[in-house]
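Structure, as structure tokens:
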Amino acid sequence: RVDLNVLRGAMGVMQHHDAVTGTEKEHVAQDYTRILSQGLDECEIITNEALRQLSSTTDQQRVDPEPSVVLNFTTCRLLNVSQCEFTETQDTFVVTIYNPLSRLVTKFVRLPVQKSNYTVHDPNGDLIPSQLIPIAEPILKIPGRQSEAVLELVFQAKDISPLGFKSYFVQKSAEKVPTQEE
Amino acid sequence: MSENDIEDAEIQINPATGLVTQITTNQRHLKLDQEFFYYKGFVGDNKKVTNRSSGAYIFRPTGEAVKVAEKAKFTLQKGFLVSEVHQQFNDWVSQIVRIYRNENYVEFDWLIGPIPTDDANGKEIITRYKTSLNSDSVFYTDSNGRELIKRVRNFRPTWKLKLQEPAAGNYYPVTSKILLRSGQDEFAVLTDRAQGGSSLSDGEIELMLHRECLHDDSFGVGEALVEKAFNKGLVARGSHYLVYGSTSNTNPDGRSVATQERVLAQNKLLSAWTFLSSTQGLSFSEYK
Numbered sequence: 002r003v004d005l006n007v008l009r010g011a012m013g014v015m016q017h018h019d020a021v022t023g024t025e026k027e028h029v030a031q032d033y034t035r036i037l038s039q040g041l042d043e044c045e046i047i048t049n050e051a052l053r054q055l056s057s058t059t060d061q062q063r064v065d066p067e068p069s070v071v072l073n074f075t076t077c078r079l080l081n082v083s084q085c086e087f088t089e090t091q092d093t094f095v096v097t098i099y100n101p102l103s104r105l106v107t108k109f110v111r112l113p114v115q116k117s118n119y120t121v122h123d124p125n126g127d128l129i130p131s132q133l134i135p136i137a138e139p140i141l142k143i144p145g146r147q148s149e150a151v152l153e154l155v156f157q158a159k160d161i162s163p164l165g166f167k168s169y170f171v172q173k174s175a176e177k178v179p180t181q182e183e
Numbered sequence: 032m033s034e035n036d037i038e039d040a041e042i043q044i045n046p047a048t049g050l051v052t053q054i055t056t057n058q059r060h061l062k063l064d065q066e067f068f069y070y071k072g073f074v075g076d077n078k079k080v081t082n083r084s085s086g087a088y089i090f091r092p093t094g095e096a097v098k099v100a101e102k103a104k105f106t107l108q109k110g111f112l113v114s115e116v117h118q119q120f121n122d123w124v125s126q127i128v129r130i131y132r133n134e135n136y137v138e139f140d141w142l143i144g145p146i147p148t149d150d151a152n153g154k155e156i157i158t159r160y161k162t163s164l165n166s167d168s169v170f171y172t173d174s175n176g177r178e179l180i181k182r183v184r185n186f187r188p189t190w191k192l193k194l195q196e197p198a199a200g201n202y203y204p205v206t207s208k209i210l211l212r213s214g215q216d217e218f219a220v221l222t223d224r225a226q227g228g229s230s231l232s233d234g235e236i237e238l239m240l241h242r243e244c245l246h247d248d249s250f251g252v253g254e255a256l257v258e259k260a261f262n263k264g265l266v267a268r269g270s271h272y273l274v275y276g277s278t279s280n281t282n283p284d285g286r287s288v289a290t291q292e293r294v295l296a297q298n299k300l301l302s303a304w305t306f307l308s309s310t311q312g313l314s315f316s317e318y319k
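These protein sequence lines are chains S and E, in that order.
According to this note's numbering, the stretch in the first sequence is residues 2 to 183, in order.
According to this note's numbering, the stretch in the second sequence is residues 32 to 319, in order.
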């Protein structure tokens, strides 16, 4: 609960002051952004811990005596400018999609990446269709965007259970990058 | 552009102008013109109500909306999962029109800014979706985020209205949805954030996307609405999701368009969360 309080406080302040409508001075709006960002940082602690507990196997479930990998979960908050340092710099990574709704959900995942080829495996280990699509030129020029990504990797996270999650394994492949014409 | 699947949405573009001319959802075609406009904000000394400037609290356009551009440069990106049209209207207005495989909506991913400050008035940017639907002055907004509220242009239910502000006086808050109906047809625009919106002519929906007002409106902020990031005017990016279909259960999936809109709104406004993890150098077979 302590980890949620900063964001709770931020939301309370902002709702009381009608924030983000332009009816506060600009430096106040920037301060709200700072407080919100801190709140999200604190919330990441609790989501990370919850997902780690949910996704770890218990000793009874384990058939493999080797120690399992403990995943740390992070988020990318600059996807609105198609920027994500994590996906741009890692050769392999795991994408976990959590469904907060009480019914089955299918989501198209979009992640900014550098020019390369990628494969995506679903939780069953099956290779699933994925697509690379160029990031539109004007987005690349948004002031303040600091990214080498010129493409977005798109794949479909299908049928995620209510309040459940699925993890996908993304890997850079050594294949030649197709040209636009190809 | 079509993925040739029963449930896929489709769009048509005029290759000469780069503008959208038709969308298809629920296997029903709708002629649609979509363009960007801006209103020039009123400039006054704020000493009388009639001299109030357009500002943070007050939307007070002067004159008709001005078209941002007659044409858009565009490129087509077609693929197995998603197909996109990248449109560039000018240096500060662009858009991606997008359809996903097996999804029954058309996404308009707009990007506005930095808005130039080359005149005294400031600019208030809107997108306008123009259809041939006969909406008879009526449109609907979900202004309280729950039920739809019927709005009638130039009308108030409890007094005889004489509008001094023909555009602003017909604007209403749109929390997540604005729509038109004509018989059994319904055309809805879902937003990813609260915006102001209206239907100033039959068959039309417009939504306010971004504003730069160069004068304070004297309602207490004491500052013009000119926000900056990285020493440049703010850039706003967001999405509209368009659905067209029948209000009855005769759509291909057996659901009314209102049901489809509700599910889509949940999927977009309470979107699934994306988390990323390092594999710590493991290959897929090791990780598995």
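Where is the CB? At the ideal position from N, CA and C, for every residue including glycine.
Predicted model only: the values in this text are computed from it and were never measured.
Among the residues facing chain E, residue 118 of chain S is not included, as its CB has no counterpart in that chain under 8 angstroms away. Scanning its chain for C-beta atoms nearer than 6 angstroms, with the 5 sequence neighbours on each side dropped, one finds around residue 172 of chain S the residues 93, 120, in chain order. Sixteen is the threshold: since fewer than 16 other Cβ atoms of the shown chains lie within 10 Å of the Cβ of residue 165 of chain E, the residue is exposed. For residue 51 of chain S, no CB of chain E lies under 8 angstroms from its own CB, so it is not counted at the interface with that chain. For the options E/93, E/209, E/162, E/57, the alpha carbon positioned closest to that of residue 232 of chain E is the one of E/162.
For residue 315 of chain E, there is no enclosing beta strand (DSSP E); the residue is part of the alpha helix (DSSP H) that begins and ends at 315-318. Around residue 152 of chain S, no beta-carbon contact reaches into chain E at under 8 angstroms, the shortest distance being about 10 angstroms. Taking the Cα of residue 67 of chain E as reference, the smallest distance to any Cα among E/74, E/76, E/212, E/50 is reached at E/50. In the three-state reduction of the DSSP assignment, residue 52 of chain S falls in the helix class.
DSSP, reduced to helix, strand and coil, places residue 126 of chain S outside both helices and strands of the structure shown, so it counts as coil. If you keep only unbroken alpha helix (DSSP H) runs of at least 4 residues inside the segment 243-295 of chain E, you get nothing at all. The beta carbons of residue 291 of chain E and residue 135 of chain E sit closer together than 8 angstroms. Excluding sequence positions up to five before and after residue 73 of chain E, its CB lies within less than 8 angstroms of the CB of 83, 84, 85, 91, 92, 93, 152, all in the same chain and listed in chain order. At a cut-off of 8 angstroms between C-beta atoms, residue 200 of chain E does not count as an interface residue with respect to chain S. For residue 87 of chain S, the secondary structure class from DSSP, reduced to helix, strand or coil, is helix. Under a criterion of Cβ atoms nearer than 7 angstroms, the residues of chain S adjacent to residue 127 of chain E are, in order, 137.
The CB of residue 145 of chain E comes closer than 8 angstroms to the CB of 144 in chain S, given here in chain order. At a cut-off of 8 angstroms between C-beta atoms, residue 67 of chain E does not count as an interface residue with respect to chain S.
Rounded to the nearest whole angstrom, the C-alpha separation of residue 258 of chain E and residue 161 of chain S is 39 angstroms. Taking 8 angstroms as the cut-off, the Cβ atoms of residue 135 of chain S and residue 151 of chain S count as close. For the pair residue 140 of chain S and residue 238 of chain E, the Cα-to-Cα distance works out to about 21 angstroms. The beta carbons of residue 256 of chain E and residue 23 of chain S sit closer together than 8 angstroms. For residue 24 of chain S, the closest Cβ of chain E is nearer than 8 angstroms.
Within chain E, the C-beta atoms nearer than 7 angstroms to that of residue 77 of chain S come from 307, in chain order. Shown here, residue 139 of chain S sits in a helix according to DSSP, grouped into three states. Cβ neighbours of residue 215 of chain E within its own chain (closer than 7 angstroms, five residues either side excluded): 277, 278, 279. Residues of the segment 130-155 of chain E whose Cβ lies closer than 9 angstroms to any Cβ of chain S, in chain order: 131, 132, 133, 134, 140, 142, 144, 145. Counting only runs of 3 or more residues that sit fully inside the segment 82-153 of chain E, the beta strand (DSSP E) segments are 92-98, 104-108, 113-121, 124-131, 137-143, in chain order. What residue 110 of chain S touches in chain E, judged by beta-carbon distance under 8 angstroms, is 305, going in chain order. For residue 146 of chain S, the CB contacts under 7 angstroms within the same chain, skipping 5 residues up- and downstream, are 82, 84 in chain order. Taking a Cβ-Cβ threshold of 7 angstroms, none of the residues of chain S is close to residue 83 of chain E; the smallest such distance is about 15 angstroms.
Shown in chain order are the members of the segment 87-118 of chain E whose Cβ falls below 7 angstroms from a Cβ of chain S: 87, 88, 108, 110, 111, 112, 113, 115, 117. Under the 8 angstroms criterion on CB atoms, residue 172 of chain E is classed as non-interfacial with respect to chain S. Note that the segment 101-119 of chain E does not touch the segment 238-247 of chain E; fewer than 3 beta-carbon pairs, one per stretch, sit closer than 8 angstroms. A Cβ-Cβ contact shorter than 8 angstroms links residue 74 of chain S with residue 48 of chain S. In this structure, residue 14 of chain S keeps its C-beta atom at 8 angstroms or more from the C-beta atom of residue 40 of chain S.
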